[in-house]
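Residue 101 in this note's numbering sits at position 113 of the sequence shown; the count goes up by one each step and never skips.
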Amino acid sequence: MFIKHLSLTTIIVLILSSSSSFTANAHGEETHEKKIDLFMGAQSEAAKAVSLFHQALRTGDKKTARALLADDVIIFEGGGVERSADEYASHHMLSDMKYLAAIASKQLEHQVFTNDDMAYSISRSKTTGTYKGKKVDNTGMESMTLKNTDSGWKITHIHWSN
-11 MFIKHLSLTT IIVLILSSSS SFTANAHGEE THEKKIDLFM GAQSEAAKAV
39 SLFHQALRTG DKKTARALLA DDVIIFEGGG VERSADEYAS HHMLSDMKYL
89 AAIASKQLEH QVFTNDDMAY SISRSKTTGT YKGKKVDNTG MESMTLKNTD
139 SGWKITHIHW SN
């Protein structure tokens, strides 16, 4: 056999040279950057409900903000949990509204994926300003799930973090 007559060193050199030339030829100078649409699905009806909810919080519109939440919404934020729209509306919503009215927020990314009557929304935003005498400069992340009901898209879950 041919391999019997080759030295171990020759075999190793052949293997390494063939694999490295294959790798170089297979990939060449190409890059593997994947273009990501940071605002994918942002024009969908579910995305419009999320945007309307944010706008209602920023402008202090309690009625609209509450109407966009499912009665049994679960909200996670800062290690805490609120287990209904009424609990959130009577407690944390007011402080969220005061905070959002005092600072500037710029949306960096918002992607919404819809499947039949369910949707999920993921977003990142940059908030800056001063609140209660403290400088604010955060990148926040938000995920939401929504359900399409007879009265439109309702937010069923929110998770906020920064």
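For glycine and all other residues, C-beta sits at the position ideal for the given N, C-alpha and C. A quick note: this is a predicted structure, and the numbers were derived from the prediction, not measured.
Helix, strand or coil for Arg71, going by three-state DSSP, please let me know. coil
Hey, how far is the Cα of Thr118 from the Cα of Ala89? 11 Å
Helix, strand or coil for Phe41, going by three-state DSSP, please let me know. helix
Between which two residues does the beta strand (DSSP E) containing Asp60 stretch? Leu57 to Glu65
Can at least three beta-carbon pairs, one atom from the region 127 to 139 and one from the region 108 to 117, be found at a separation below 8 Å? yes
How big is the Cα-Cα spacing for Asn136 and Asp125? 34 Å
Could you check the C-alpha separation between Ser139 and Glu70 for me, to the nearest Å? 23 Å
If you measure between the beta carbons of Leu45 and Gln99, is that distance less than 9 Å? no
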